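Just below is one structure, and these are the notes that go with it.
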Amino acid sequence: MRKLIDIQMKFGEVDISKIEFDPRSRDEIPKLLMGLQEIYCNRKVRDKVFAVLRDLIPEGIDQNNGRKGDGPLENSGFRHPTAMLQLGL
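Take the sequence shown: its letter number 11 is residue 167 in the numbering used here, and every next letter is one higher.
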């Protein structure tokens, strides 16, 4: 089964909750990243978002085995809720 979040950090990684963004930035990217950070750090919100994303997965797709296909996204985790959220943004 795929992990939604890998809780084991690797050397050189920074904890997502520790990243600070400039709230005065006029660019849209920091605002988007702050939203993703909130989803990641807030368990209740994250569970609700992933529940909605799981409902979007078509029936007949085995989430434990991935999806067979011949396109560039085959076995890439495209059906993984986190990837679906990131690609949707």
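The beta carbon of each residue, even a glycine, is placed where N, CA and C say it ideally should be. Remember, it's a predicted structure, so these values are computed and weren't measured experimentally.
With a cutoff of 8 Å on beta-carbon distance, isoleucine 175 and glutamine 193 are scored as near each other. Straight across, the Cα-Cα distance linking aspartate 211 with asparagine 198 is about 20 Å.
Nearest in C-alpha terms to glycine 244, of all of Pro214, Gly216, Leu209 and Glu215, is Leu209. Membership of glutamate 194 in the alpha helix (DSSP H) is indicated by the continuous run 184 to 197. For lysine 187 and serine 173, the gap between their C-alpha atoms comes out near 15 Å. Nearest Cα to aspartate 178 within the set Leu189, Val205 and Ile213: Leu189.
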